[in-house]
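Residue numbers (UniProt numbering): 1 to 758. Just so it is clear, CB atoms sit at the ideal spot from N, CA and C, and this is done for glycine as well. Notes to accompany the following structure.
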């Protein structure tokens with residue numbers, strides 16, 4: 001069986017390829033930000049809106065979750081942040097006339113880029129059973145349709161409630177409350193597909209599923225590893241933090257299969273030297289690692305540190321920290337000393353000398369931070385890899401002291417906050433007990449479905465209703481054909497959205513589009529809150545007039561559905577919550593640890609930091625009360641003859657599944673997205689030429705998957721590896737190819753063939 005990506009009306013005749021850039025941002029970043037903003041919003045709206053992004057009295061950027069410092073510039077946004085704001089604050093509108101003119105089949109033939117460019121949704125839309133068009137529906141009737149389908153289920157676990165990372169803390173809390181009041185823990189979210197591996201590994205080793213560093217720690221570090229991450233595109237404001245760390249004397253080691261312009265040299269557009277000069281060289285060392293080689297690298301670095309300790313006892317290992325605060329050191333050290341260097345070199349593609357030079361960087365640093373993103377989290381052994389990063393840091397006491405620690409760089413704004421608020425399919429008993437004690441009902445205790453399990457349940461018919469609070473589920477998930485077929489089996493699919501995306505064209509028997517306010521828009525002068533990637537909670541208040549008078553805030557959508565579903569609920573004051581977000585925050589303060597006096601503290605400029613036991617107290621809330629060294633066997637990922645290892649990546653003109661444009665400026669691509677980056681030597685071995693068109697084919701026991709019509713680009717990738725953009729290549733990721741423990745799709749290690757089209 002061969003599975004293929006859905007056919008779309010794709011025209012990439014204008015695709016052009018030039019040399020990749022050797023630096024990021026500068027004047028081109030400013031120019032592109034303004035041009036995109038003017039095109040979507042106009043000049044006046046652009047200045048009004050961008051002036052409030054990430055300001056203490058403004059709104060949180062709807063893009064990434066990178067934190068803001070205490071002192072903020074008047075332009076506290078990056079190029080991709082400006083694009084995210086422009087997409088949401090656009091003056092373009094999608095009305096009932098648009099839906100009357102386009103069948104659902106017609107929408108399915110268009111790309112996500114085309115769909116997103118149509119503008120903001122303006123009123124609730126409904127696809128009745130058997131219809132091929134959406135039609136207008138009132139909010140009251142829409143809530144009635146959802147409640148009707150939920151009541152008709154054989155049990156609460158036949159419904160799935162998905163969440164995107166942009167949902168506010170207040171909306172996330174009432175959403176999980178509705179779902180558990182209904183009787184299920186089926187709360188998959190976008191974390192399942194990105195940093196679930198980080199949370200799993202950090203909980204096992206440090207007792208907390210979040211990072212342990214603050215922005216100030218990053219500024220104070222002696223050595224920063226940036227691993228499996230492209231901050232120049234995905235978290236551009238991180239480059240400013242790295243630049244400041246460099247000015248303070250830090251060294252930076254970049255570890256990645258692709259050379260990324262932002263880590264090579266950064267021209268800070270908020271500094272004269274960034275606009276007119278050469279900018280700042282960020283990476284002192286670039287380790288071009290083979291995909292999936294990171295576990296081997298950190299095991300090798302730790303072995304070299306142990307050998308340095310043997311040569312000069314008491315000078316390398318932080319014995320006091322290890323003895324007082326950790327568990328399992330001896331077993332881990334014995335395993336690490338037995339490491340096979342030949343396997344390290346095969347797994348990493350690095351020679352031993354490069355690893356030894358990096359170890360000398362570590363030996364010269366008193367404080368070390370390791371930052372990472374999807375390049376570490378989306379492999380079969382991702383949890384083991386991140387546990388090995390923790391081992392490396394624990395060895396020299398680099399957790400729980402200034403300038404040191406673990407830094408998983410979260411993607412979507414408030415994806416971390418959603419999890420803190422209880423958006424999790426495996427809630428702790430303590431959290432459920434707190435809900436019970438506060439609201440007087442017994443929440444379900446059985447664990448629910450994560451994202452991959454939810455797709456399987458929809459495919460089998462075990463789940464019949466799918467409700468998405470934001471996001472673009474179809475484009476974000478693996479195995480595109482399987483996911484689309486699964487959703488089309490549902491009795492009802494519901495999408496709470498600001499703009500059109502592909503998920504609106506993949507419907508159950510009945511379907512609803514419920515349009516909501518964006519971050520940039522006024523919500524009756526109320527504010528919401530978000531949590532950034534480093535555990536800071538702060539307010540977000542939009543100022544723009546809503547795109548339509550028929551939009552509802554997410555809180556109102558949840559509470560309106562709850563009132564319809566539960567009628568006179570004796571346990572939860574849904575009407576009060578809808579009117580008064582302070583009332584929601586009062587309940588959060590009593591349920592969620594760290595949120596005491598929430599309403600007062602969040603009104604302070606800049607918000608407040610959540611408690612973090614490893615960082616604040618060097619306390620590790622694990623089963624042993626200590627940080628845990630873990631043994632993680634090295635298994636070299638070997639691919640069959642003639643195959644390559646593919647990672648899916650973002651273009652510079654996209655954020656997650658939102659496509660802003662058809663260019664990837666830093667990689668030298670313009671006018672198209674169907675490209676695959678391959679090392680020139682790998683192309684020569686396969687008899688392929690730069691610029692040829694190929695199909696990408698992945699292999700799995702249940703059959704092949706094919707992504708068609710990709711242009712080959714000779715590119716300085718690591719040997720044996722290639723890269724292509726998602727969501728176009730999500731079709732190649734088998735649903736059952738997942739990380740151990742976290743169940744995250746293995747989108748960064750897909751074995752593929754490059755074949756000429758028939």
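Practice prompt. For residue 675, write down the residues that DSSP places opposite it in a beta bridge.
Written response: By one-based count along the chain shown, residue 675 stands at place 675. Beta-bridge pairing links residue 675 to 711.
Worksheet item: residue 229 and residue 65: beta carbons closer than 7 angstroms?
Response: To locate residue 229, count along the chain shown from 1; it is residue 229. To locate residue 65, count along the chain shown from 1; it is residue 65. Cβ atoms of residue 229 and residue 65: not closer than 7 angstroms.
Discussion item. Quick check: residue 236 and residue 78, are their CB atoms within less than 7 angstroms of each other?
Written reply: Translated into positions along the chain shown, residue 236 becomes position 236. Translated into positions along the chain shown, residue 78 becomes position 78. Cβ distance < 7 angstroms, so residue 236 and residue 78 count as in contact.
Worksheet item: Which residue comes first and which comes last in the beta strand (DSSP E) that contains residue 267?
Response: Within the chain shown, the letter at position 267 stands for residue 267. Element bounds for residue 267: 265-267.
Worksheet item: Who are the near neighbours of residue 368 in its chain, counting only those whose CB is closer than 6 angstroms to its CB and skipping five residues on each side?
Response: Position 368 of the chain shown, counting from 1, holds the residue named residue 368. Cβ neighbours of residue 368 beyond the five flanking positions: 223, 398 and 404.
Worksheet item: Is residue 227 closer than 7 angstroms to residue 376 when the C-beta atoms are compared?
Response: Translated into the one-based positions of the chain shown, residue 376 becomes position 376. Translated into the one-based positions of the chain shown, residue 227 becomes position 227. For residue 376 and residue 227, yes; Cβs fall inside 7 angstroms.
Discussion item. Within 10 Å of its beta-carbon, does residue 47 have 16 or more other beta-carbons around it, so buried, or fewer, so exposed?
Written reply: Locating residue 47 in the chain shown gives position 47, counting from the first residue. That one is exposed.
Item to complete: For residue 2, count neighbouring C-beta atoms within 10 Å of its own C-beta (all shown protein chains included) and say buried if the count is 16 or more, exposed if not.
Response: Position 2 of the chain shown, counting from 1, holds the residue named residue 2. Classification for residue 2: exposed.
Practice prompt. Indicate whether residue 282 and residue 266 have their beta-carbon atoms separated by less than 7 angstroms.
Written response: On the chain shown, position 282 is the one that residue 282 refers to. On the chain shown, position 266 is the one that residue 266 refers to. Cβ distance < 7 angstroms, so residue 282 and residue 266 count as in contact.
Practice prompt. Check the C-beta distance from residue 417 over to residue 531 and give it rounded, since I have them as a contact under 8 angstroms.
Written response: As a position in the chain shown, residue 417 is number 417, starting the count at 1. As a position in the chain shown, residue 531 is number 531, starting the count at 1. That pair is a contact at about 3 angstroms.
Discussion item. If I measure Cβ to Cβ from residue 443 and keep anything under 7 angstroms in the same chain, skipping five residues before and after, which residues do I get?
Written reply: As a working note, residue 443 is residue 443 in the chain shown. Excluding sequence neighbours, residue 443 sits near 180, 432, 435 and 436.
Worksheet item: Is DSSP giving residue 240 helix, strand or coil here?
Response: For this step, residue 240 is matched to residue 240 along the chain shown. Correct three-state label for residue 240: helix.
Discussion item. Could you tell me the alpha carbon to alpha carbon distance between residue 350 and residue 210, rounded to whole angstroms?
Written reply: Within the chain shown, numbered from 1, the residue matching residue 350 stands at position 350. Within the chain shown, numbered from 1, the residue matching residue 210 stands at position 210. Each residue's alpha carbon lies about 30 angstroms from the other.
Worksheet item: Three-state secondary structure (DSSP) at residue 162?
Response: Here residue 162 refers to the residue found at position 162 when the chain shown is read from its first residue. In this structure, residue 162 counts as strand in the three-state DSSP scheme.
Worksheet entry | Segment limits, alpha helix (DSSP H) that includes residue 531 | Here residue 531 refers to the residue found at position 531 when the chain shown is read from its first residue. Per DSSP, residue 531 belongs to no alpha helix (DSSP H); it is in the beta strand (DSSP E), 528-531.
Worksheet item: Quick one: what's got a C-beta closer than 7 angstroms to residue 356's C-beta in the same chain, skipping five residues either side?
Response: Translated into positions along the chain shown, residue 356 becomes position 356. The residues are 304.
Worksheet item: Got a sec? Which residues, its chain only, sit under 8 angstroms from residue 9 by beta carbon, not counting five neighbours each side?
Response: Start at 1 with the first residue of the chain shown, and residue 9 comes out as number 9. Within the same chain, residue 9 has close Cβ partners 109, 110, 111 and 114.
Discussion item. I want to know whether the region 409-426 touches the region 213-220 - three or more CB-CB distances under 8 angstroms.
Written reply: no
Discussion item. Please return the same chain residues whose Cβ sits closer than 6 angstroms to the Cβ of residue 492, not counting the five positions on each side in sequence.
Written reply: Here residue 492 refers to the residue found at position 492 when the chain shown is read from its first residue. Hits under 6 angstroms: 149, 465, 508 and 510.
Item to complete: Whole angstroms is fine: what's the gap from residue 457's alpha carbon to residue 463's?
Response: Here residue 457 is taken as the residue at index 457 of the chain shown, counted from 1. Here residue 463 is taken as the residue at index 463 of the chain shown, counted from 1. Their Cα atoms are separated by approximately 5 angstroms.
Worksheet entry | Proximal residues to residue 240 (C-beta, below 7 angstroms), its chain only, five neighbours per side dropped | Along the chain shown, read from residue 1 onward, the residue named residue 240 stands at position 240. The answer, listed in chain order, is 268.
Worksheet item: Secondary structure at residue 30, three-state DSSP: helix, strand or coil?
Response: The count along the chain shown starts at 1 and reaches residue 30 at position 30. Three-state result, residue 30: helix.
Practice prompt. Please classify residue 367: does DSSP put it in a helix, a strand, or coil?
Written response: Start at 1 with the first residue of the chain shown, and residue 367 comes out as number 367. Three-state result, residue 367: coil.
Worksheet item: Residue range of the alpha helix (DSSP H) that residue 147 falls in?
Response: Working through the chain shown from its first residue, we reach residue 147 at position 147. Element bounds for residue 147: 139-151.
Worksheet item: Is residue 699 helix, strand or coil when you go by DSSP?
Response: Taking the first residue of the chain shown as position 1, residue 699 is located at position 699. Looking at residue 699 - three-state DSSP - the assignment turns out to be strand.
Item to complete: Classify residue 270 as buried or exposed, calling it buried when 16 or more other Cβ atoms lie within 10 Å of its own Cβ.
Response: Counting from 1 along the chain shown, the entry for residue 270 is found at position 270. Exposed.
Discussion item. As a quick exercise: from 88, 329, 84 and 127, pick the residue whose alpha carbon is nearest that of residue 233.
Written reply: Within the chain shown, numbered from 1, the residue matching residue 233 stands at position 233. Selected option, being the one with the closest Cα: 84.
Practice prompt. Tell me where the alpha helix (DSSP H) around residue 378 begins and ends.
Written response: Here residue 378 refers to the residue found at position 378 of the chain shown. Note, residue 378: premise wrong, no alpha helix (DSSP H); not H, not E.
Worksheet item: Between the beta-carbon of residue 200 and the beta-carbon of residue 742, is there less than 7 angstroms?
Response: Counting from one through the chain shown, the residue named residue 200 turns up at place 200. Counting from one through the chain shown, the residue named residue 742 turns up at place 742. A contact, by the Cβ cut-off of 7 angstroms.
Item to complete: Grab the span of the beta strand (DSSP E) containing residue 513 for me, first residue to last.
Response: Taking the first residue of the chain shown as 1, we reach residue 513 at position 513. Run containing residue 513: 510-515, per the beta strand (DSSP E) assignment.
Fill in: Close beta carbons around residue 589, own chain, < 7 angstroms, minus the five adjacent residues each side
Start at 1 with the first residue of the chain shown, and residue 589 comes out as number 589. Cβ within range, chain order: 595, 596, 597 and 598.
Practice prompt. Just the C-alpha distance for residue 445 and residue 191, rounded to the nearest angstrom, thanks.
Written response: As a position in the chain shown, residue 445 is number 445, starting the count at 1. As a position in the chain shown, residue 191 is number 191, starting the count at 1. Going from the Cα of residue 445 to the Cα of residue 191 covers about 21 angstroms.
Worksheet item: Tell me the DSSP bridge mates of residue 405?
Response: Reading the chain shown from its first residue, position 405 is the one you call residue 405. DSSP lists 369 as partners of residue 405.
Practice prompt. Return helix, strand or coil for residue 782, following the three-state DSSP convention.
Written response: Nothing in the structure corresponds to residue 782, since the chain is present only between 1 and 758.
Worksheet entry | residue 666 burial status per 10 Å Cβ neighbour count (16 or more: buried) | Residue mapping note: residue 666 aligns to position 666 of the chain shown, counting from 1. Its Cβ being crowded by 16 or more others within 10 Å, residue 666 is buried.
Worksheet entry | contact_flag[the region 535-545, the region 132-145] where n(CB pairs < 8 angstroms) is 3 or more | no
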